[in-house]
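In the working numbering, the protein residues as written are 3 to 294.
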Amino acid sequence: MKKIAFIGLGIMGKSMARNLMKNGFELHIYARSKGKVEDVIAEGMQYHDSIAHCVKDCSAVITIVGYPSDVEEVYFGDGGILDSAASGTYLIDMTTSSPKLAKRIAMAAEKRGMHSLDAPVTGGDVGAENGTLSILVGGEKTDYEACLPIFQAMGSNINYEGEAGFGQHTKMANQIMIAGTISGVSEALSYARAKGLDIQTLLRSVATGAAGSRQLDLMGLKMVNEDYAPGFYIKHFIKDMKLADEEAEDSALHLEVLKQALSNYQELETEGFADLGTQALIRHYEGERGKE
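Structure (structure tokens):
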């Protein structure tokens with residue numbers, strides 16, 4: 003499977019596609035706006051002006067788009083992937099999306115003789131650029147094994163999670179963990195500032211202890227330096243947390259930390275910060291101090 007169609011060349015997707023090309027895969031791409039992908043076209047990726055043309059004759063199709071509604075459109079829309087890909091094609095959705103939608107795609111693909119995997123990723127823009135993403139794969143195990151060389155070109159921690167939808171369920175668990183951890187980092191830094199601690203000393207002091215975490219390592223300094231450039235957009239994290247909350251409610255779970263983090267981020271969204279990075283959660287706590 004050396005000929006891959008790739009749909010969704012945003013912050014994550016461009017780096018993932020580049021790593022595939024570096025590993026010898028032939029990349030065919032589709033984007034709504036050609037102007038946004040001129041850089042990777044210049045690097046050798048072949049642009050197509052429709053999904054139908056893009057996926058034609060490709061052995062695998064990878065999607066990593068914004069929202070479940072976008073996933074639905076590119077797979078089930080007229081001239082979409084399910085209408086246009088050939089029987090035997092491997093369909094790999096790497097969007098963080100609905101587990102229920104992943105199952106729908108899997109059933110529709112099977113009826114058409116295609117193979118489907120839900121394979122959301124974690125590791126952010128840095129992991130995408132370095133090819134060190136964690137990839138969480140749901141679907142038939144034989145399909146996972148067939149696509150392993152593709153995943154190995156983009157990630158370093160690749161795991162088979164189980165049946166269709168289980169990749170997405172694993173990503174939901176991941177996002178729940180992040181919601182709690184990044185909230186804890188924000189609260190700790192807010193406390194430290196309020197008490198007059200030297201923040202750089204604090205970060206050095208706790209980074210290798212029991213409070214150490216990936217979120218602290220990646221986001222702590224950004225919060226301190228007021229660097230809110232997006233590695234992962236607030237608006238996309240809100241989408242993920244809403245999905246996780248819906249799935250939790252389906253299982254009669256009430257996850258209070260998740261709900262509070264979601265509420266705090268939604269407050270930032272209403273204030274116009276949806277396109278900032280998730281580390282901008284610290285602004286919520288700064289705002290709380292300002293209300294005193």
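Glycine included, every Cβ here is placed at the ideal spot set by N, Cα and C.
Asked: Inter-residue Cα distance where the pair is G292 and S118; Found: The predicted model places G292 with a pLDDT of 45, which falls under 50 and marks its position as unreliable; any figure quoted below should be read in that light. C-alpha separation (whole angstroms): 50 Å.
Asked: Between the CA atoms of M14 and S71 - distance to the nearest angstrom; Found: 18 Å
Asked: Per-residue DSSP class, three states only, for A263; Found: helix
Asked: T91 to H50 span [Cα, whole Å]; Found: 18 Å
Asked: G10 burial status per 10 Å Cβ neighbour count (16 or more: buried); Found: buried
Asked: Whole-number beta carbon distance between M47 and A87, since they are thought to touch under 8 Å; Found: So it is not a contact: roughly 18 Å between Cβ atoms.
Asked: Contact belief for H286 with L270 at Cβ below 8 Å, rounded distance in angstroms; Found: 6 Å
Asked: DSSP beta-bridge partners of V63; Found: A7, L93
Asked: Backbone CA spacing between A263 and K5 [nearest angstrom]; Found: 41 Å
Asked: Whether C149 touches A7 by CB criterion (8 Å); Found: no
Asked: E228, enclosing beta strand (DSSP E) - first and last residue; Found: Taken as a continuous stretch (DSSP letters only), E228 belongs to no beta strand (DSSP E), as it is neither H nor E.
Asked: Best match in R114, L205, L135 for proximity to T124 [C-alpha to C-alpha]; Found: L135
Asked: Distance between G129 and I137 (C-alpha atoms, nearest Å); Found: 11 Å
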